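Going by the UniProt record's numbering, the first residue of the sequence shown is number 1, and it counts up by one from there.
The beta-carbon is built from N, C-alpha and C at its ideal position, and this holds for glycine as well.
From a predicted model like this one, the values you see are computed outputs, not experimental measurements.
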Amino acid sequence: MSRLSQIFVNSSCNQMISLYQLKMRKMNPNSGFLQPYRVMKSASIISNLSDVDMRFLTGFLYITTRRQMNDQTVVFDETMPENSTVVFLNSNVSMTPPQSSTIINWVQHENSSVKIYPGVPKNGRPLSYSQIFANPVSTTDGMKFFSYVEGFSLSLPIFYMKVYKGLQFSINPSYRDINGTSTSFPTTTGLYMKPYDYPDGKVTIDLATADSSTTGDSESITGANMIGFVSNDSSVSVDTYHTKGGGGYSVKPINQILGWSTHSYGDNITISSKNAADGQFFVQYYIVHKILMIT
């Protein structure tokens with residue numbers, strides 16, 4: 001018998017439900033969406049399991065407020081409302097890196113918007129520019145919508161999306177290593193995350209091949225937004241290489257995005273860090289390829 005079947009939520013109205021039942025309360029048998037269990041006043045956790053049995057348990061209980069429920073908060077265990085907050089939970093610690101989720105097949109309409117944040121949503125608005133990923137993207141040249149989003153992974157136990165209007169994607173419990181990969185389109189955006197307690201390294205993403213004879217370098221943009229939680233002596237660098245030059249920046253990430261861009265279309269983007277092994281950071285990169293008009 002599952003240990004979760006022997007742990008119960010006991011509400012003040014003397015109703016009990018096991019954690020296993022909560023885990024299996026899906027809105028649809030073929031979906032990962034979890035159906036919320038409402039507690040009217042208060043509740044307690046009870047179990048007859050021993051301390052030894054309890055030590056084998058991993059995971060968490062997600063508790064939300066009535067205000068967040070009214071804000072269309074949806075919890076996803078692994079076609080959304082028009083304006084919603086979607087919370088993702090991943091308690092799988094047996095993978096490497098632990099608790100990783102990969103998002104692919106992103107389909108988004110231009111009149112919609114999405115922002116991703118680490119952790120759990122709280123009452124009120126999130127801190128401005130604290131998103132780890134967004135579309136449209138806040139670039140140094142203003143807001144830019146990207147029709148194409150590269151697949152990316154997040155190694156987080158909990159994260160959430162603020163979604164306005166429509167979004168479709170696929171998500172699965174796995175890790176996607178983007179080092180050495182190539183972008184799918186000349187104009188695109190993607191995300192790289194370095195988890196806590198992973199060594200410093202260098203990630204190189206090759207840019208999709210574009211005809212250099214028709215590339216308007218003065219109009220094309222390569223850029224990145226960075227956010228993170230690292231020690232004071234840490235730095236993270238983003239660079240792009242181009243036969244005519246290139247560019248980059250190196251900063252200590254903070255809890256709001258720091259942006260950079262250069263007017264060029266390079267061969268690749270590299271992301272590297274120094275003294276950040278015990279920290280966590282996120283880099284959303286973007287490339288806007290402009291065609292040179294020849295008359």
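Quiz item: Taking the DSSP output, what are the residues bridged to Gly142?
Solution: Looking up residue 142 in the sequence shown gives position 142. DSSP lists Thr139 as partners of Gly142.
Practice problem: Go to Lys26, then tell me how far its beta strand (DSSP E) extends in each direction, as first and last residue. | Solution: The sequence position of residue 26 within the sequence shown is 26, counting from 1. Element bounds for Lys26: n/a, residue is neither H nor E.
Quiz item: Per the contact definition of three or more C-beta pairs closer than 8 Å, is the stretch 247-259 in contact with the stretch 156-175?
Solution: Short answer: they don't touch.
Quiz item: Would the stretch 180-198 and the stretch 270-279 be scored as touching if the rule is three or more Cβ pairs under 8 Å?
Solution: Contact holds between the stretch 180-198 and the stretch 270-279, because three or more Cβ pairs, one in each stretch, are under 8 Å apart.
Practice problem: Going by DSSP, name the residue or residues bridged to Val203. | Solution: Taking the sequence shown and counting its residues from 1, the one referred to as residue 203 is at position 203. Beta-bridge pairing links Val203 to Ile271.
Quiz item: If we count the other Cβ atoms within 10 Å of its Cβ and call it buried at 16 or more, is Val87 buried or exposed?
Solution: Against the sequence shown, residue 87 aligns to sequence position 87. Buried: at least 16 other Cβ atoms inside 10 Å.
Quiz item: Residue range of the alpha helix (DSSP H) that Met54 falls in?
Solution: Within the sequence shown, residue 54 is the residue found at index 54, counting from 1. Its alpha helix (DSSP H) spans residues Asp51 to Arg55.
Quiz item: Using CA coordinates, which residue listed in Asn232, Ser264 and Leu49 is at the minimum distance from Arg3?
Solution: Position 3 of the sequence shown, counting from 1, holds the residue named residue 3. Proximity to Arg3 across Asn232, Ser264 and Leu49 peaks at Leu49, based on C-alpha coordinates.
Quiz prompt | Where Phe8 sits in the DSSP three-state scheme | solution = Residue mapping note: residue 8 aligns to position 8 of the sequence shown, counting from 1. Strand.
Self-check item: CB contact flag (Tyr285, Gly180, <8 Å)
Solution: Taking the first residue of the sequence shown as position 1, residue 285 is located at position 285. Taking the first residue of the sequence shown as position 1, residue 180 is located at position 180. No, they are not a contact pair.
Quiz item: Once you ignore the five residues that flank Val203 on each side, which residues in its own chain have a CB closer than 8 Å to its CB?
Solution: Within the sequence shown, residue 203 is the residue found at index 203, counting from 1. Excluding residues within five positions, the ones whose Cβ falls inside 8 Å are Ile178, Asn179, Tyr192, Thr270, Ile271 and Ser272.
Quiz item: When DSSP labels each residue in this structure, what does Leu191 get in the three-state scheme?
Solution: Counting from one through the sequence shown, the residue named residue 191 turns up at place 191. The answer is strand: DSSP assigns Leu191 an E or B state.
Quiz item: The beta strand (DSSP E) with Ile257 in it runs from where to where?
Solution: Mapped onto the sequence shown, residue 257 falls at position 257. First-last for Ile257: undefined, no H or E at that position.
Practice problem: Grab me the residues of Gln6's own chain with a C-beta within less than 7 Å of its C-beta, minus the 5 sequence neighbours each way, in chain order. | Solution: As a working note, residue 6 is residue 6 in the sequence shown. Excluding residues within five positions, the ones whose Cβ falls inside 7 Å are Ser47, Asn48 and Leu49.
Self-check item: Candidates Ser264, Asp239 and Val288: closest to Gly248 by CA position
Solution: Against the sequence shown, residue 248 aligns to sequence position 248. Relative to Gly248, the option among Ser264, Asp239 and Val288 whose CA is nearest is Asp239.
Quiz item: Skipping 5 residues on each side, what residues in its chain have a beta carbon closer than 7 Å to that of Asp77?
Solution: Residue mapping note: residue 77 aligns to position 77 of the sequence shown, counting from 1. Residue placement at Asp77 is flagged as unreliable, the pLDDT there being 49, under the threshold of 50; the coordinate-derived value follows with that caveat. Taken in chain order, the residues that qualify are Gly32, Leu34 and Leu89.
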